[in-house]
Amino acid sequence: MILVREFRPNTSKGAQFRKALAITIIGNVFLAIIKSIAAYYSGSAALYSDAVNSVSDVIYSIFLIIGLSISQKPPDDS
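The opening position of the sequence shown corresponds to residue 195 in my numbering, with each subsequent residue numbered one higher.
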């Protein structure tokens, strides 16, 4: 039984997603750095936890890019 007859990846949509994720990663890295510096100088635990949250957002976005690249591959023969 063949579920996928022809694979045509939507490369323009994939490129748009990658661009959006790249912007997200850059923004979250910037936020994490600024929040870390502010937490260091102020001693605020809330700012420190928010900086850690921004770092986790960066990691999550990296996994999204990996998943997106895997989903754009053509199906295998089996």
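Beta carbons: idealized from backbone N, C-alpha and C, even for Gly. This structure is a prediction, so every number in the text was calculated from the model and none was measured.
In the three-state reduction of the DSSP assignment, D270 falls in the coil class. If you ignore the 5 residues before and after A233, its C-beta comes within less than 6 Å of the C-beta of L241, Y242, A245, all in its own chain and listed in chain order. Taking a cut-off of 8 Å for Cβ pairs, the segment 222–233 and the segment 206–214 do not touch, as fewer than three such pairs fall below it.
G221 carries a helical assignment under DSSP once its states are collapsed to helix, strand and coil. If you draw a straight line from the Cα of K213 to the Cα of S265, it is about 16 Å long. Judged by beta-carbon spacing, S263 lies beyond the 8 Å limit of N222, meaning their Cβ atoms are not closer than that value.
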